[in-house]
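*Asks:*
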Ligand SMILES: Nc1ncnc2c1ncn2[C@@H]1O[C@H](COP(=O)(O)OP(=O)(O)OP(=O)(O)O)[C@@H](O)[C@H]1O
Ligand SMILES: [Mg+2]
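Residue numbers (UniProt numbering): 1 to 489.
1) Start and end of the beta strand (DSSP E) containing residue 248?
2) Can you tell me where the alpha helix (DSSP H) holding residue 201 begins and where it ends?
3) Count Cβ pairs between the stretch 427–443 and the stretch 397–406 that sit closer than 8 Å; are there 3 or more?
4) Label residue 115 either buried or exposed according to how many other C-beta atoms from any shown protein chain fall within 10 Å of its C-beta, with 16 as the threshold for buried.
5) Measuring straight from C-alpha to C-alpha, what distance separates residue 44 and residue 280?
6) Check this for me: beta carbons of residue 454 and residue 473, under 8 Å apart or not?
7) Between the stretch 281–288 and the stretch 308–317, do three or more beta carbon pairs fall short of 8 Å?
8) Identify whether residue 318 lies in helix, strand or coil by the three-state DSSP scheme.
9) For residue 94, which of 128, 435, 79, 69 has the nearest alpha-carbon?
10) Could you pull the start and end residues of the alpha helix (DSSP H) that residue 290 belongs to?
11) May I ask you to check if the CB of residue 442 is nearer than 7 Å to at least one heavy atom of ligand 1?
12) How far does the alpha helix (DSSP H) with residue 33 in it reach, from first residue to last?
13) Could you confirm whether any beta carbon from chain C is found closer than 8 Å to the beta carbon of residue 205?
14) According to DSSP, is residue 95 part of a helix, a strand, or is it coil?
15) What is the DSSP secondary structure of residue 345, reduced to helix, strand or coil?
16) Is the closest heavy atom of ligand 1 to the C-beta of residue 310 under 7 Å?
17) Leaving out the 5 sequence neighbours to the left and right, which residues in its chain are closer than 6 Å to residue 468 when beta-carbon positions are compared?
18) On the CB-based measure, 16 or more other CB atoms within 10 Å of its CB, does residue 76 come out buried or exposed?
19) Do you know whose CA, among 194, 205, 11, 346, lies nearest residue 261's CA?
20) Are residue 24 and residue 10 close, meaning C-beta to C-beta below 8 Å?
21) Ignore the nearest five residues each way along the sequence and tell me which others in residue 350's own chain have a CB closer than 7 Å to its CB.
22) Just checking residue 284 against ligand 2 - is the residue's beta carbon closer than 7 Å to any of the ligand's heavy atoms?
23) Since I believe residue 383 is in contact with residue 452 (beta carbons under 8 Å), could you give me their beta-carbon distance rounded to a whole number of angstroms?
24) Mind checking whether residue 86 and residue 73 have CB atoms under 8 Å apart?
25) Are there 16 or more other CB atoms within 10 angstroms of the CB of residue 20, so buried, or fewer, so exposed?
26) Whose C-alpha, out of 373, 336, 406, is nearest the C-alpha of residue 380?
27) Which stretch, first to last residue, makes up the beta strand (DSSP E) that contains residue 368?
28) What I want to know is whether the C-beta of residue 433 ends up closer than 7 Å to one or more non-hydrogen atoms of ligand 1.
29) Hey, residue 28 and residue 6: beta-carbon distance below 8 Å or not?
30) So residue 366 and residue 409 are supposed to be a Cβ contact under 8 Å. How far apart are they, rounded?
31) With three or more C-beta pairs closer than 8 Å as the rule, is the stretch 219–226 touching the stretch 241–248?
32) Go through its chain and collect everything with a Cβ distance to residue 78's Cβ below 7 Å, but skip five positions before and after it.
33) Alpha carbon to alpha carbon, how far is residue 311 from residue 303?
34) Take residue 61 and list the residues in its own chain whose beta-carbon comes closer than 7 Å to its own, dropping the five residues that flank it on each side.
35) Kindly give me the distance between the Cβ atoms of residue 389 and residue 325, rounded to whole angstroms, as I take these residues to be in contact under 8 Å.
36) Going by DSSP, which residues form a beta bridge with residue 408?
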């Protein structure tokens with residue numbers, strides 16, 4: 001067992017730590033013994049840090065007269081398409097017993113895979129045993145035990161072989177491009193998608209039996225790879241293609257031909273790029289809006305320091321609070337883990353706005369309680385700006401008017417979510433409104449609720465204090481994120 005190769009490969013391709021590598025080395029030492037005992041091929045694979053594929057870092061082969069592997073596969077890439085069990089075990093930490101795989105040498109084998117874990121119980125690699133398939137027909141019945149793989153290929157083979165003519169109906173129906181060459185790399189079969197593709201790439205009229213490299217020169221590099229099975233992404237004539245190559249052999253191990261399966265990823269990659277660009281641009285815009293709001297706030301503060309009539313002070317403060325509540329929305333979006341998500345959690349937003357106001361020295365005598373019926377209400381940034389302003393005005397009102405002099409009390413904010421609408425209640429147990437008329441603050445609230453949220457607003461005196469109630473409908477821009485089952489749903 002080559003321990004140096006294992007270590008070098010782990011350092012080159014993986015993120016594994018020294019102690020992880022040590023665990024793998026210990027496991028690798030036992031491989032030859034078990035290979036001999038079981039008569040199976042044994043391997044250790046690790047996930048590569050960049051490509052999402054796995055790499056073989058250790059192997060042990062039983063001494064049998066007819067070796068399934070002609071060469072060492074240490075350092076070779078393990079593609080998910082060909083060895084799904086390995087990737088399944090890496091991802092889920094579960095074992096994957098006796099399922100089909102295609103080896104690096106293009107052979108069909110039966111694989112069993114168990115994850116190898118470190119002291120922290122993290123999956124650091126997989127231990128694989130492989131046996132060549134004997135008498136495989138009918139074994140698809142066990143497929144239910146193996147959730148991660150395709151099954152029934154023998155049955156499909158029989159079914160297709162027994163049809164009236166051996167017309168390859170399945171490949172004809174597929175969107176993917178299927179091309180088969182003979183041993184001399186001449187095209188002997190192309191499904192309709194393949195024929196269309198070749199005509200698109202090449203002017204040649206007659207394509208049958210033409211050398212595949214004449215028709216599709218971009219396959220040169222792929223053919224130069226000696227691997228029996230290989231997958232690569234290539235860019236050609238403004239297209240992005242994923243090309244799978246599988247060499248096909250006869251029972252006597254003679255090369256019969258090569259199968260190419262080509263998938264056009266152009267649209268997918270373009271969409272990915274667009275999305276990425278869009279989210280970068282949106283994030284940049286949010287940054288600028290936030291920075292501009294901060295500049296406006298700084299200018300106002302500067303003006304306040306320059307001196308002004310005492311009665312203007314509260315107007316400046318009101319305006320500063322309004323600006324602050326809008327910029328809170330942008331701060332929350334920018335703190336979102338997913339840059340492209342435009343969701344704002346209203347309860348979190350209210351906490352952010354409310355806590356800074358109450359923390360303000362002047363308002364220490366007031367308690368602010370913010371509650372919900374357990375579910376999150378998420379809105380677009382546009383709606384969140386309206387809610388931020390509404391919450392700001394109503395909490396400000398309670399702070400400013402409800403508790404004059406030394407009076408102390410509580411402001412309670414509640415969010416309720418229902419099937420079709422959401423409710424926001426802001427109550428205080430202060431002196432009440434005593435028939436005061438709406439001024440700018442309550443006008444703003446009323447307009448935002450009616451015009452922006454398409455909702456209803458009521459503001460009234462209650463037994464002790466005031467009660468503001470807002471209801472607004474759910475929509476694609478206002479959604480409930482259910483955290484628990486509740487009778488309200
Ligand atoms: N929670 C409350 N408790 C007692 N009185 C209130 C409360 N909320 C509002 N009021 C009364 O209603 C009036 C109108 O409120 P509104 O928010 O429209 O204007 P404002 O707070 O005076 O000024 P601004 O336009 O800066 O908000 C207030 O002046 C106040 O007298
Ligand atoms: Mg007000």
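Even glycine gets a Cβ: it sits at the ideal position worked out from N, Cα and C.
*Replies:* Let's see:
1) 239–249
2) 192–201
3) yes
4) buried
5) 40 Å
6) yes
7) no
8) helix
9) 128
10) 266–305
11) yes
12) 18–38
13) The structure shown contains no chain C; it holds only a single protein chain.
14) coil
15) strand
16) no
17) 394, 426, 459
18) buried
19) 194
20) yes
21) 370, 391, 413
22) no
23) 7 Å
24) no
25) buried
26) 336
27) 366–372
28) yes
29) yes
30) 6 Å
31) yes
32) 45, 53, 54, 55, 56, 86
33) 14 Å
34) 35, 41, 67, 69
35) 6 Å
36) None; residue 408 has no bridge partner.
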